[in-house]
Structure formats: C-alpha cells, structure tokens
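In order, the protein sequences belong to chains B and Y.
Each residue of the first sequence is one higher than the one before, counting from 117 in this note's numbering.
Each residue of the second sequence is one higher than the one before, counting from 102 in this note's numbering.
Every residue, glycine too, gets a C-beta built ideally from N, C-alpha and C.
In what follows, a single structure is set out as structure tokens and then discussed.
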Amino acid sequence: MKNFNGKILFLDRADINTDEIIPAKYLTESSKAALKPYCLEDLVLEGFDSKRDIAGKQVIVTRSNFGCGSSREHAPWVLECNGINLVIAENFARIFRQNMFNCGMMAIELPKEEIEELFDEFSATDAELVCDLDNFTFTVTGGGKTRVCKFSVGDFDLALVKAGGWVGYADSKY
Amino acid sequence: MGKTLAQKIFDSHEVDRPASGVRVLALDRVFCHEITTPIAVNDLVAIGRDRVFDNTKIKAVIDHVSPAKDSKTAEQGKTLRDWAHRMGIKDFFDVGENGVCHAIFPEKGFVRPGFTVIMGDSHTCTHGAFGAFAAGVGTTDLEVGILKGVCAFREPRTLKVEIDGALRPGVFAKDVILTVIKELTVNGATDQVLEFSGSAVDAMTMESRMTLCNMAIEAGATCGVCQPDRTTVEYLWPFIKDEFADREAALAAYSKFRSDADAEYTRVLKLDAAAIEPVATVRYKPDQVMTVRELEGTKVDQVYIGSCTNGRLEDLRVAAAILKGKHIAPTLRAVVSPATSDIYRQALREGVLEVFADAGFCVTNATCGACLGMSNGVLANGEVCASTTNRNFNGRMGKGGMVHLMSPATAAATALAGHITNSELFKG
Numbered sequence: 117m118k119n120f121n122g123k124i125l126f127l128d129r130a131d132i133n134t135d136e137i138i139p140a141k142y143l144t145e146s147s148k149a150a151l152k153p154y155c156l157e158d159l160v161l162e163g164f165d166s167k168r169d170i171a172g173k174q175v176i177v178t179r180s181n182f183g184c185g186s187s188r189e190h191a192p193w194v195l196e197c198n199g200i201n202l203v204i205a206e207n208f209a210r211i212f213r214q215n216m217f218n219c220g221m222m223a224i225e226l227p228k229e230e231i232e233e234l235f236d237e238f239s240a241t242d243a244e245l246v247c248d249l250d251n252f253t254f255t256v257t258g259g260g261k262t263r264v265c266k267f268s269v270g271d272f273d274l275a276l277v278k279a280g281g282w283v284g285y286a287d288s289k290y
Numbered sequence: 102m103g104k105t106l107a108q109k110i111f112d113s114h115e116v117d118r119p120a121s122g123v124r125v126l127a128l129d130r131v132f133c134h135e136i137t138t139p140i141a142v143n144d145l146v147a148i149g150r151d152r153v154f155d156n157t158k159i160k161a162v163i164d165h166v167s168p169a170k171d172s173k174t175a176e177q178g179k180t181l182r183d184w185a186h187r188m189g190i191k192d193f194f195d196v197g198e199n200g201v202c203h204a205i206f207p208e209k210g211f212v213r214p215g216f217t218v219i220m221g222d223s224h225t226c227t228h229g230a231f232g233a234f235a236a237g238v239g240t241t242d243l244e245v246g247i248l249k250g251v252c253a254f255r256e257p258r259t260l261k262v263e264i265d266g267a268l269r270p271g272v273f274a275k276d277v278i279l280t281v282i283k284e285l286t287v288n289g290a291t292d293q294v295l296e297f298s299g300s301a302v303d304a305m306t307m308e309s310r311m312t313l314c315n316m317a318i319e320a321g322a323t324c325g326v327c328q329p330d331r332t333t334v335e336y337l338w339p340f341i342k343d344e345f346a347d348r349e350a351a352l353a354a355y356s357k358f359r360s361d362a363d364a365e366y367t368r369v370l371k372l373d374a375a376a377i378e379p380v381a382t383v384r385y386k387p388d389q390v391m392t393v394r395e396l397e398g399t400k401v402d403q404v405y406i407g408s409c410t411n412g413r414l415e416d417l418r419v420a421a422a423i424l425k426g427k428h429i430a431p432t433l434r435a436v437v438s439p440a441t442s443d444i445y446r447q448a449l450r451e452g453v454l455e456v457f458a459d460a461g462f463c464v465t466n467a468t469c470g471a472c473l474g475m476s477n478g479v480l481a482n483g484e485v486c487a488s489t490t491n492r493n494f495n496g497r498m499g500k501g502g503m504v505h506l507m508s509p510a511t512a513a514a515t516a517l518a519g520h521i522t523n524s525e526l527f528k529g
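Rendered as structure tokens:
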C-alpha cells in the first residue's frame with residue numbers, strides 16, 4: 117500500500133479542476149515522472165505558489181468537487197509523483213475519485229463542517245496527518261492541537277487500495 | 102417501481118457486484134485516442150498483457166493533436182497507430198480520415214441504444230444522446246476496458262431534466278445546456294446520469310442532442326442520456342438496416358431501453374424552452390452563465406467554432422448562414438475546425454467552408470486542438486476567446502486566456518461585430 121501520512125497542503129477553494137492540477141499541454145509527456153514540475157501550475161488561488169507550496173506535502177485537504185473537468189489520470193499521477201497519495205475533501209468529481217482509487221490512492225470525503233473545522237484549526241499551522249486504515253481514522257496535529265477524524269471508505273475502494281489499484285484487481289478476477 | 106434507461110442498461114450488462122452499490126459492467130465499446138491511450142498500452146506491454154478483449158469493439162482515432170505538432174505528439178500518434186495495427190483494430194482513423202472522437206464515432210454508427218461505452222475522455226458522455234450509457238474514464242479504467250472488456254460503476258442515480266415547449270428562433274441546444282448547467286451548478290449532477298426529456302428534446306436532431314449530452318460532465322454527470330426514438334433510428338438506419346426488418350422493428354427493440362414512466366429520479370428539473378435565450382459563460386466555470394444581452398459589447402480577440410460540442414455540420418451551417426457575404430471584424434481573428442474529415446468534405450461541397458474563408462476565417466482540419474490549448478488557435482496571456490467549445494477553465498485554451506462559451510450562431514455574430522452580441526436569428 118501507498119503512504120497516506122504526512123504534512124498537509126490546504127487548498128481553500130471549491131471546484132478545483134484537473135486542468136488546474138495538470139494543464140493539457142503537459143499531456144504529451146509519455147512518462148508519469150515527467151509531469152512532476154507542473155503540479156497545480158494553473159491553480160487559481162490567492163497566495164498559492166505551486167513552486168513554493170507543494171514541496172514536502174503528502175496530503176491535500178480541500179473543499180468540494182475537487183478534480184472536476186477532464187478525465188485525465190495525469191491529475192492523480194502528478195500528485196503521486198509529488199508524494200501526495202491522499203486527498204480529503206467535501207466531495208470529488210466522479211472520474212477523479214475513481215482514478216485515485218484505481219491507482220491505489222485515496223480520495224476521502226468528510227462532511228462540510230468537518231472540513232471547515234480542519235481549515236479553521238490547522239490551515240495556518242504546519243499540520244501533519246497520520247492515517248490509520250485499520251480503524252478508519254486519521255489524526256491531525258499542528259499548532260499545539262490534535263484532532264482525530266473518523267472516515268469511511270467503500271469496500272470496493274478499499275479492495276483497490278489494498279490491491280494497489282484496479283489493474284491488478286481486475287486482472288486476477290475477470 | 103419502474104427503471105430508468107441507465108438502470109436497464111446496467112441490468113443487461115452486469116458481470117459482477119464486487120461490493121454493495123458497485124457493479125462491474127460488460128462493455129460494448131471502448132473508444133481510444135492518442136492522448137490517454139498510449140500510457141495504457143505501454144503499461145499493458147510492461148505487465149505482459151499486450152492484447153485486447155475484442156478488436157471489433159475497440160475503436161481508435163488520432164484527434165487531440167492532428168496532424169502531430171512536435172516529436173512528442175508524433176510519438177503518441179505512433180504508439181496508438183502501431184498498437185491498432187498490432188491488435189488488428191480495423192476501425193482506426195488516422196490523420197486525414199479522422200475527426201474529434203465524439204463526433205466521428207457517432208458519425209460511423211458505432212453507438213447504439215442500450216450500449217455501454219467508455220473512453221479515456223470526459224466528454225464521452227456525448228454518446229448518451231443515442232440512449233447509451235457512455236462514461237469518461239481515466240487511463241487505468243481504459244486499460245482494464247481494453248484488456249478485459251469491463252468497467253466498474255456505482256449504481257446509477259438519475260437526475261431528469263424536462264424541457265418542454267419550443268425553442269425560440271436563434272436559441273440552440275448549446276444555450277439549453279448552458280442554462281441547465283447554470284441551474285444545476287458544476288457539482289449539481291456529480292456521479293449521476295443526466296436524462297434529457299420533454300418536447301423540446303424530442304424535437305431536436307441527433308446533432309443537437311449530442312451537444313446537450315456533451316456538456317453533462319460540466320454539471321458533474323457521469324453520462325447525459327436521451328431516450329431512443331424515431332430520430333435515433335433514422336440517424337442510425339444506414340448502419341442497422343441489415344439488423345432489422347424495418348425502422349419500426351428497430352424502434353421497438355430500442356424502445357425497451359426507454360425509462361419507465363414510474364422510474365425513480367433524484368430530482369426533476371423542469372425548464373420552459375420558450376423562456377431560454379442565448380447565453381454565454383463568464384469567468385472560469387461553466388455554470389457561470391449570463392445572457393448574451395447582458396454581455397453585449399464584451400470585446401474578444403479570437404472566435405473559435407468547432408469541437409465535440411459544436412463542430413458538426415448543423416453547427417457550421419448555422420454559422421455560415423450568419424456569415425454569408427460578410428467579413429469578420431478587423432479587431433479579431435477567427436478559426437473554424439469542422440469536427441470530422443467527413444464534415445469537412447461535406448461542408449466543402451456545400452460551399453459552407455467557402456463562406457467561412459471569404460468571411461476571413463482560418464479554416465483548419467478536424468482536431469481537438471485549440472479547445473484544450475494544444476494547437477491550432479491557442480490564446481496568449483490576457484486574450485479573450487468567444488468559443489463554441491465546452492470548458493472555460495482558467496488557461497484551458499492557453500495560459501492566461503479567458504474563454505466565453507456560446508452557440509455557433511452567437512460566435513458567428515460575435516466574429517462579425519468584434520464583440521459579444523446576439524445573432525440576427527434571435528429577435529429578443
């Protein structure tokens with residue numbers, strides 16, 4: 117399984133689309149690793165600098181409808197090659213969400229209020245998250261505070277995470 | 102309780118229920134293009150699975166950058182071309198015979214009512230216009246689709262959009278779908294099927310229905326669908342005439358997939374067709390929509406007519422009718438890209454391309470190109486484009502560029518005026 121722990125990058129905006137996560141002009145790259153420098157390059161978010169803010173982060177916490185737009189799996193890939201395997205949001209666009217689990221990564225949905233509280237308590241801190249997949253909880257620490265959140269993952273999604281993705285799962289089963 | 106069209110298709114294609122609320126479906130079509138397929142192909146080779154589940158159900162096209170613009174895009178085209186030949190995929194459309202995927206595959210009659218379709222492209226929802234369940238997927242789903250002919254989906258929930266009445270002159274399917282997206286928001290139909298019905302949809306051509314379904318994804322929908330009817334049968338007839346005794350037999354067979362009257366919907370959105378007027382998007386999300394009247398006078402640097410949304414013959418004819426005998430404003434440039442090579446040839450024969458050329462348009466070949474900022478009309482920083490495409494995301498048609506989405510009629514009128522304006526077809 118992939119690593120789901122680490123420092124949090126807070127992206128305080130709804131409807132972040134996959135063109136913002138990885139612009140189409142980079143889809144001509146034939147290797148996933150080549151995408152790395154272009155992560156979130158076109159993100160419209162005040163104060164955000166993709167060159168400065170992504171390094172050292174392993175988890176994204178954001179608002180609703182993350183990953184909308186294009187079906188490009190380059191979006192999860194560019195996160196993955198920057199060491200980010202977990203995105204937590206109010207909800208996700210369907211294709212992006214499926215792509216994450218298909219790659220053995222996780223897209224976790226939390227109620228709006230809980231996302232709001234995570235932003236309130238930790239977005240100004242150097243927050244770190246530890247994920248416990250056995251108990252479906254994660255713990256966030258930062259700015260002297262600690263918070264434990266419960267989450268749920270569907271049985272099928274969890275099977276994909278444990279199988280390392282959909283190709284391995286489907287190849288053995290169908 | 103009755104069933105929706107999507108539920109009926111799920112029932113007839115179910116292979117497995119790997120967990121509660123998830124079904125694995127057998128696929129009738131796996132469509133491929135040169136941007137998202139090569140990585141899947143390369144991975145299949147790497148894991149020792151260089152094969153396909155059925156080379157008659159897989160169709161492939163080079164469309165996103167056609168012809169290739171540089172070494173990298175040439176390499177992507179080559180990977181797809183070599184693979185199609187290696188796998189014996191007969192329906193592979195190369196530069197010159199190609200077209201934008203969601204225009205050429207319907208044009209070839211590849212999509213039928215009741216089919217399941219996937220493609221590594223979010224606008225695959227277009228094919229639901231035929232009463233199919235057609236979903237955009239990522240490269241991993243595509244890879245499994247190619248290898249195994251299956252794809253996993255959550256149980257379909259359907260949101261019904263009922264549009265009754267007659268559209269006013271100068272109002273088109275593009276205005277309808279933008280109005281629908283404004284009502285639903287970009288997240289309003291996420292993980293749902295968007296089912297279009299009502300007398301206004303019944304009266305639409307297949308081309309217009311494809312425009313409607315094409316942008317279902319912009320409201321978050323998995324698929325847009327229209328009920329198969331006589332219009333569907335008539336469009337498909339040249340391709341299905343050997344399968345059915347007559348059109349009535351085809352209609353009877355396809356009608357089985359129509360949603361039942363007592364089917365369950367998550368929501369029913371009702372719209373009065375006569376109240377819809379020409380609209381265009383503003384800013385960076387497709388649900389940010391204003392009337393063209395409100396945007397009157399907005400200066401643009403480029404007009405673009407084309408794409409899987411509005412690059413079909415019907416669209417080019419409407420624009421040409423407005424442009425005929427006139428010239429675009431000297432303050433902008435304009436590009437038209439017929440969505441397929443066949444549309445290009447037909448528009449050439451009809452004199453439609455001559456109208457565009459005489460009006461000062463740059464007439465390009467069929468390609469996705471500028472729609473996603475790849476080639477053939479990319480914007481410079483700070484530039485504004487009036488476009489018949491489907492996404493106005495930041496940087497979509499070029500870094501720092503701004504896109505106003507609109508119908509071909511409004512785009513043509515805008516090209517003549519030099520600023521956003523209503524076409525003469527719309528009487529207010």
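- Inter-residue distance for Y:C469 and Y:T240 is about 19 Å (C-alpha atoms, whole angstroms).
- In this structure Y:C327 does not touch Y:G237 by the C-beta definition: roughly 18 Å separates them, more than the 8 Å allowed.
- In the three-state scheme derived from DSSP, where H, G and I count as helix and E and B as strand, Y:G178 is classed as helix.
- Secondary structure of B:K167 (DSSP, three-state): helix.
- Against chain B, the CB of Y:L473 has a partner CB under 9 Å away; the residue lies at that interface.
- Of all residues in the stretch 439 to 463 of chain Y, none places a beta-carbon less than 9 Å from a beta-carbon of chain B.
- Between B:L151 and B:Y142, the beta carbon gap of about 6 Å places them in contact (Cβ cut-off 8 Å).
- Residues of chain Y whose Cβ lies closer than 9 Å to the Cβ of B:E229 do not exist, since the nearest Cβ in that chain is about 17 Å away.
- Taking every protein chain shown into account, the CB of Y:I247 has 16 or more other CB atoms within 10 angstroms, so this residue is buried.
- Secondary structure note for Y:T333: it is in no beta strand (DSSP E), and the uninterrupted alpha helix (DSSP H) holding it is R331 to I341.
- Close partners of Y:S488 in chain B (Cβ separation under 8 Å) are lacking, with about 15 Å as the shortest Cβ gap.
- Among the residues of chain B, those whose CB is under 9 Å from the CB of Y:V123 are G270, D271, F272 and D273, following chain order.
- At a cut-off of 9 Å, the C-beta of Y:G483 has no neighbouring C-beta in chain B.
- With a 10 Å radius around the Cβ and a threshold of 16 neighbouring Cβ atoms, Y:F234 comes out buried.
- Within the same chain, and ignoring the five residues on either side of Y:D117 in sequence, the residues whose Cβ sits closer than 6 Å to its Cβ are V125.
- Y:D276 places its beta carbon less than 9 Å from that of Y:I377.
- For Y:M307, same chain residues with a beta-carbon under 8 Å away, outside a window of 5 residues either side, are P207, A230, F231, T332, T333 and Y336 in chain order.
- DSSP places Y:Y405 in the uninterrupted beta strand (DSSP E) bounded by Q403 to G407.
- Check the Cα spacing between Y:N411 and each of Y:D242, Y:D129, Y:V162 and Y:G200: the tightest is with Y:G200.
- Around the beta-carbon of Y:T367, fewer than 16 other beta-carbon atoms lie within 10 Å, marking it exposed.
- A direct Cα-to-Cα measurement between Y:D330 and Y:C314 gives close to 16 Å.
- Annotation: Y:E484 to Y:P509 spans about 20 Å, alpha carbon to alpha carbon.
- Closer than 9 Å at the C-beta level to chain B, one finds these residues of the stretch 223 to 237 of chain Y: S223, H224, T225, A236 and G237.
- Counting along the chain, the unbroken alpha helix (DSSP H) around Y:C202 starts and ends at C202 to E208.
- Y:M503 and Y:R434 have their C-alpha atoms some 15 Å from each other.
- For the stretch 168 to 197 of chain Y, the set of residues with a beta-carbon nearer than 7 Å to any beta-carbon of chain B comprises K173, T174, E176 and Q177, in chain order.
- Y:T522 places its beta carbon less than 9 Å from that of Y:V393.
- With contacts defined by Cβ atoms closer than 9 Å, Y:D303 and Y:G103 do not form a contacting pair.
- The continuous stretches of beta strand (DSSP E) do not include B:L159, and DSSP gives it neither H nor E.
- Taken atom to atom, the span from the alpha-carbon of Y:E244 to that of B:D250 is near 30 Å.
- Taking CB atoms only, B:A243 has no neighbour in chain Y less than 9 Å away.
- Residue burial annotation: Y:F494 is buried, with at least 16 other C-beta atoms found within 10 angstroms of its C-beta.
- DSSP, read as helix, strand or coil, puts Y:H134 in strand.
- By the CB criterion at 9 Å, Y:H520 and Y:K400 fall inside the cutoff.
- Around the C-beta of Y:D171, fewer than 16 other C-beta atoms lie within 10 Å, and the residue is accordingly described as exposed.
- Taking a C-beta distance under 9 Å as the contact criterion, Y:K173 and B:E145 qualify as a contact pair.
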